[in-house]
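The block underneath contains the structure these notes are about, expressed in structure tokens.
4 protein chains.
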Amino acid sequence: MKRFALLGAGRIGSMHASLISASENASLVYVFDSHQPSATALAEKYDATAVDTIDIILKDDSIDALLIATSTDTHVDFIIQGALAGKAILCEKPIDLSTKRVDDCWQEIRNCKVPIQIGFNRRFDPTHASLQQQLKDGEVGDLQQLVITSRDPDIAPVEYLRHSGGIFRDMIIHDFDMLRFITGEEVTEVYAIGSTLISPELAEMNDVDSVMLTLKTTSGKLCHINGSRRCVYGYDQRIEAFGANGMLKSNNPRPNAVSKSTEKTTDSLSSLDPFFIERYQQAYKAQLDSFITALQNGSSPVPSFLDGMKAQQLADAAQQSLESGMPVFL
Amino acid sequence: MKRFALLGAGRIGSMHASLISASENASLVYVFDSHQPSATALAEKYDATAVDTIDIILKDDSIDALLIATSTDTHVDFIIQGALAGKAILCEKPIDLSTKRVDDCWQEIRNCKVPIQIGFNRRFDPTHASLQQQLKDGEVGDLQQLVITSRDPDIAPVEYLRHSGGIFRDMIIHDFDMLRFITGEEVTEVYAIGSTLISPELAEMNDVDSVMLTLKTTSGKLCHINGSRRCVYGYDQRIEAFGANGMLKSNNPRPNAVSKSTEKTTDSLSSLDPFFIERYQQAYKAQLDSFITALQNGSSPVPSFLDGMKAQQLADAAQQSLESGMPVFL
Amino acid sequence: MKRFALLGAGRIGSMHASLISASENASLVYVFDSHQPSATALAEKYDATAVDTIDIILKDDSIDALLIATSTDTHVDFIIQGALAGKAILCEKPIDLSTKRVDDCWQEIRNCKVPIQIGFNRRFDPTHASLQQQLKDGEVGDLQQLVITSRDPDIAPVEYLRHSGGIFRDMIIHDFDMLRFITGEEVTEVYAIGSTLISPELAEMNDVDSVMLTLKTTSGKLCHINGSRRCVYGYDQRIEAFGANGMLKSNNPRPNAVSKSTEKTTDSLSSLDPFFIERYQQAYKAQLDSFITALQNGSSPVPSFLDGMKAQQLADAAQQSLESGMPVFL
Amino acid sequence: MKRFALLGAGRIGSMHASLISASENASLVYVFDSHQPSATALAEKYDATAVDTIDIILKDDSIDALLIATSTDTHVDFIIQGALAGKAILCEKPIDLSTKRVDDCWQEIRNCKVPIQIGFNRRFDPTHASLQQQLKDGEVGDLQQLVITSRDPDIAPVEYLRHSGGIFRDMIIHDFDMLRFITGEEVTEVYAIGSTLISPELAEMNDVDSVMLTLKTTSGKLCHINGSRRCVYGYDQRIEAFGANGMLKSNNPRPNAVSKSTEKTTDSLSSLDPFFIERYQQAYKAQLDSFITALQNGSSPVPSFLDGMKAQQLADAAQQSLESGMPVFL
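If you're matching them up, the sequences are chains A, B, C and D in order. Per this note's numbering, the first sequence starts with residue 1, numbered consecutively. Per this note's numbering, the second sequence starts with residue 1, numbered consecutively. Per this note's numbering, the third sequence starts with residue 1, numbered consecutively. Per this note's numbering, the fourth sequence starts with residue 1, numbered consecutively.
Okay, here's the thing in structure tokens:
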């Protein structure tokens with residue numbers, strides 16, 4: 001039974017609290033949030049202790065792991081403090097919006113030898129994970145081309161977007177990780193174009209709402225990522241992996257499997273899941289299980305801090321390509 | 001090059017004229033219709049000769065085949081006259097509404113040795129035919145259960161229905177033929193229930209608009225047929241064949257392969273084909289080709305006159321079951 | 001927080017124990033099983049108390065509800081004892097294999113006024129439930145025809161089948177309940193045919209492994225049920241509801257949404273769920289939630305004891321039809 | 001009735017001969033091919049006259065139109081000769097591998113005022129055309145992103161590839177035309193990457209077998225094209241159009257609509273069409289009809305010579321981007 005402290009009692013934090021609490025191999029001991037009432041409410045719900053400083057947590061030797069779900073700008077500090085205190089860490093993505101700060105963080109903690117996992121939950125989605133496994137098992141031969149579709153249901157509020165680090169660091173970073181996860185290779189070049197087709201306010205922030213990227217990996221595999229901040233038919237998350245002997249598609253699952261035929265259209269499926277909490281519900285659970293299993297086995301949890309750093313670097317390269325209009329070679 | 005005379009210049013007749021004319025192995029020589037202007041117009045379109053009596057056709061030794069597409073009550077007479085004159089015959093289904101008359105017809109022509117094919121066009125549909133072939137090839141093992149869905153887009157005018165012979169002889173007869181085609185067996189029992197859920201006028205004609213049948217074949221295979229006179233999403237024609245090692249579905253093809261996702265529904269397909277002329281366009285062509293090939297090879301064309309008679313007997317049995325409320329054993 | 005005693009610590013019982021334990025509104029207090037080690041093991045896993053007699057449970061006033069998951073022949077006794085002791089009851093289907101015993105049970109408990117729910121879990125499946133709701137909401141107009149497909153992945157051991165009560169009481173009973181749930185009507189006639197196409201041993205037990213049924217409801221809606229004891233591609237559970245303005249299909253969900261294209265086939269989906277525990281995982285959870293909500297609200301839980309009795313009567317009628325070869329009118 | 005001369009009696013030429021011959025509005029009068037026996041054989045099959053020089057055709061005032069299906073390097077000469085002789089022209093793509101020669105050709109013929117249509121047959125495919133029409137009708141709002149998949153079933157012989165002009169001018173040129181057809185806009189930038197993942201011999205020709213392109217149009221719409229010279233599951237031709245209010249997909253049609261479920265996979269569809277002759281059969285017919293209709297109406301046929309030139313320029317830009325590693329701005 002691994003004992004957890006949860007940092008962050010917002011929407012994502014609440015979901016993690018529920019998962020830790022329901023796990024047969026974990027218990028939720030502390031909840032920290034800079035907004036004290038949130039911490040208290042969540043702690044009460046799951047019979048945990050609310051704290052207003054993480055010092056208590058760091059000094060409590062019975063605590064095995066921190067789950068960091070606070071705002072992005074606090075991640076690095078909490079990771080460093082946790083690592084130095086010898087706690088295992090499961091930290092929400094991204095590590096930080098600044099790759100420089102991520103690097104600095106790494107320098108501070110690299111000798112700590114605590115298990116650190118970054119919250120790229122999509123690796124644990126049954127559908128994406130099955131695609132990756134089948135590819136690895138050679139079911140369609142060597143991968144040649146990868147097409148990732150990544151569309152959010154709706155654009156976030158302008159105020160959020162202003163501090164999001166841009167579409168690549170905030171949103172497409174997940175897809176950079178999926179690309180690395182599925183190809184099993186590093187990216188050698190990134191080219192990104194974008195447009196503001198949805199929210200004109202983004203232009204002044206040097207940001208865009210619609211992007212298309214081209215990437216190439218070490219062995220010459222070709223990758224496309226298309227992304228949009230608004231998709232009226234739901235949270236559209238698909239992957240198409242084209243191999244020498246066939247093709248695998250990670251299609252959108254549906255909340256239910258009803259289809260409808262009426263005068264105008266036939267065999268219509270239901271709407272997609274509204275957003276990531278619903279779509280990746282099983283993935284979040286499997287991610288936690290995987291982290292706990294690594295702790296139990298003493299193995300290194302994956303995706304690692306370095307995986308988080310690599311995705312970050314790809315986001316930076318994409319941003320640079322978007323701004324310069326030129327491909328970036330890595 | 002086989003020389004054809006077409007009897008009947010209505011909607012179906014026109015389609016057959018176009019197919020004969022486009023065939024590289026056939027030519028349309030005569031068009032007969034009791035309504036002279038129809039015959040003339042169609043004959044002109046395809047450089048054929050319009051006639052107002054079939055005697056000219058029967059006496060013309062250059063004519064190889066009659067394609068009979070006149071009204072049902074004339075089929076038997078034309079088949080007998082054609083057969084006695086030594087013409088090959090491709091006759092639209094049903095042979096006649098009265099099984100007695102079909103029997104009598106058979107007695108008259110059975111010694112004629114002319115090739116006779118009945119227009120159960122669905123046997124030649126690429127999708128249904130592929131299902132039958134795969135089943136025969138053992139792709140899903142021995143057939144155990146068969147489910148046939150047969151829904152017309154809309155109910156015919158009451159006046160037509162009054163002379164249609166009832167839903168089994170007029171419409172479901174095609175499905176009886178498909179059942180025999182796919183199972184390769186004869187039916188030993190038929191049970192039919194029906195309701196007038198669409199057109200109350202049918203009740204007074206001893207007819208129904210919605211039917212469900214259960215049939216059993218010689219070896220104990222179980223079959224369901226469901227049929228409806230009105231289906232708002234188009235002409236719904238499906239077959240599901242459940243075997244010891246898997247299942248084959250003959251799904252509805254679509255006029256095009258576009259799918260649409262909008263706020264309410266996702267991956268919606270287009271409407272189905274509106275009706276049989278569109279749905280079975282390829283089947284009608286393949287049916288003609290098959291008939292011509294049989295003539296060229298001197299082989300017996302299929303489905304045969306006896307196939308037509310067997311489907312008729314099943315329609316009679318279904319009608320009897322509907323009226324008695326009891327299964328009919330054959 | 002509702003306090004539960006679980007009767008039965010077998011495969012289904014274990015699943016229920018896990019669901020009760022994970023529920024935020026329930027706690028598992030007792031586990032009873034006639035096989036003491038099973039009770040002990042399961043009780044330990046969930047911090048409950050193992051008992052070797054249900055008397056302790058019945059006398060414990062803190063217990064709100066019994067979840068009965070013992071062997072079928074014990075259901076009636078436990079229902080009666082529980083009801084007389086004032087416990088709410090969630091009992092696995094079927095109530096009993098003998099409709100006579102079910103009737104007798106009803107006479108004993110009908111005045112007890114304890115909430116009783118029968119475990120027709122499929123009503124709570126997100127897909128089937130969505131179909132039922134959309135139908136109720138008029139999305140495809142008045143229902144006219146219903147086609148239910150119900151195929152188990154593989155045939156049960158002969159010894160099990162010998163005491164199963166036959167395919168209708170053991171397996172198709174779920175579909176009878178679905179039919180009543182979806183049509184919202186009672187059945188007026190049942191006709192059933194069957195064959196032993198899979199397991200010849202069944203013939204001597206008056207049982208069959210492949211069945212097809214035709215049913216008609218009060219208002220004349222037509223229903224087909226097809227069932228098989230073995231389906232090599234998995235647990236095949238589908239419903240097709242044909243209405244005046246369209247059609248709804250409850251398709252099989254898949255464990256994941258990957259599709260594969262290779263040289264021979266394209267867009268292949270994954271296998272179906274292996275069996276009911278996996279397929280109806282969400283349904284079992286929702287069923288428990290619904291029961292607890294009814295207890296909390298003081299409303300009558302659904303499906304009720306009488307729903308269980310009605311499904312039983314349909315199973316009897318189907319068996320009678322199978323044996324007599326005649327339709328049975330209710 | 002428009003009178004045609006066919007130039008080229010190879011595989012494509014034969015198909016065009018069959019279509020002209022079957023058309024109710026066209027007749028095939030001459031067949032020219034530099035390989036005389038091919039011309040003779042084809043001409044005989046369709047009751048046309050074989051010629052070994054196009055002079056006879058050009059001088060025959062009864063001839064309305066040339067259908068040019070000879071090898072690419074002869075297109076420009078035949079277009080010029082035909083245009084100067086006042087013949088309408090339907091010419092297979094590409095006009096020429098050299099944009100310079102295309103330009104020169106245009107200078108020579110621009111004042112001829114003969115109707116010229118280039119054989120971008122895919123515009124006439126029922127599925128692609130339906131997508132374009134629905135988009136134009138606003139069914140999914142303003143287009144934002146376009147993803148085109150274009151995969152040939154297998155790589156052409158090395159000798160063919162050597163003279164093909166490279167993958168962009170030979171193969172992806174169709175997709176450039178589709179992009180212009182669907183967006184209704186011109187491209188402002190092209191970025192292309194490629195790899196030789198299938199046929200290493202291509203490297204020495206400065207050619208590749210796997211490509212991914214990013215393109216941007218005048219209004220900022222973003223487009224991805226992925227292409228491969230080999231696709232084991234058939235001829236994979238899809239388009240995904242993502243708009244402000246939804247998404248349209250042009251999926252691959254299938255030769256038949258059977259799906260199969262077996263132990264390993266479920267609802268598998270049949271293989272795709274083997275190649276363009278089968279896949280675009282209806283499109284080739286509709287293309288010819290559209291050309292004939294334009295001749296009858298005196299309207300300008302589409303896609304025009306200039307459409308052919310624009311696609312060519314995009315192919316050049318893509319080749320330049322591939323070689324330079326930099327985007328090309330137009």
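Just so you know, even glycine gets a beta-carbon here, dropped at the ideal spot from N, CA and C.
Beta carbon proximity, residue i to chain D, threshold 9 Å
i: A:F168; result: no
i: B:A41; result: no
i: B:D267; result: yes
i: A:V211; result: yes
Contact set between residue i and chain C, taken where Cβ atoms lie within less than 8 Å
i: A:K260; result: Q134, E139, V140, G246, M247, L248, K249
Simplified DSSP state of residue i, which is helix, strand or coil
i: D:A26; result: strand
i: A:E240; result: strand
i: B:K285; result: helix
i: A:V324; result: Note on residue identity: the sequence assigns Ser, not Val, to residue 324 of chain A. Helix at A:S324.
i: C:G184; result: coil
i: B:A294; result: helix
i: C:L272; result: coil
i: D:S38; result: helix
i: C:M247; result: strand
i: B:C112; result: coil
i: C:T99; result: helix
9 Å Cβ cutoff, residue i in contact with chain B
i: C:M326; result: yes
i: C:L197; result: yes
C-beta neighbour in chain A for residue i, strict 9 Å
i: B:E263; result: yes
i: D:F242; result: yes
i: D:G10; result: no
i: D:I193; result: yes
Amino acids of chain C, ordered along the chain, whose beta-carbon sits closer than 7 Å to that of residue i
i: A:N252; result: A257
Neighbour list for residue i in chain A, Cβ cutoff strictly below 8 Å
i: C:T127; result: N256, A257, V258
Contact set between residue i and chain B, taken where Cβ atoms lie within less than 8 Å
i: D:A318; result: Neighbours of D:A318 on chain B: none; closest Cβ ~27 Å, over 8 Å.
is_contact[residue i, chain C] using C-beta, thresh 9 Å
i: B:V187; result: no
i: A:S270; result: yes
i: B:G184; result: no
i: B:T214; result: yes
Chain-ordered neighbours of residue i on chain A, where CB pairs are closer than 7 Å
i: C:L131; result: V258
(request) Report yes or no: do three or more beta-carbon pairs, one from the region 257–276 of chain D and one from the region 259–268 of chain C, lie closer than 8 Å? (result) yes
(request) Kindly confirm or deny that the region 34–44 of chain D and the region 299–308 of chain D touch, where touching means at least three C-beta pairs closer than 8 Å. (result) no
(message) Measuring CB atoms only, is the region 313–326 of chain A touching the region 9–19 of chain B, in the sense that at least three cross pairs come out at less than 8 Å?
(response) no
(request) Check distances from the C-beta atoms of the region 143–175 of chain C to those of chain D and list, in chain order, the residues that come in under 9 Å. (result) none
(request) Check whether the region 176–185 of chain A touches the region 212–221 of chain A, taking contact to mean three or more Cβ pairs, one atom from each stretch, closer than 8 Å. (result) yes
(request) Closer than 7 Å, Cβ to Cβ, to anything on chain D: give me those residues from the region 11–40 of chain B, in chain order. (result) A22
(message) Which residues of the region 220–239 of chain C have a Cβ closer than 7 Å to any Cβ of chain B? Give them in chain order.
(response) G220, L222, H224, N226, S228, V232, Y233
(request) Decide if the region 160–168 of chain A is in contact with the region 310–325 of chain A; the criterion is three or more beta carbon pairs, one per stretch, under 8 Å apart. (result) yes
(message) So, does the region 142–160 of chain D touch the region 118–128 of chain D, judging by three or more C-beta pairs under 8 Å?
(response) no
(message) With a threshold of 8 Å, are at least 3 pairs of Cβ atoms found where one atom belongs to the region 133–145 of chain D and the other to the region 246–253 of chain D?
(response) yes
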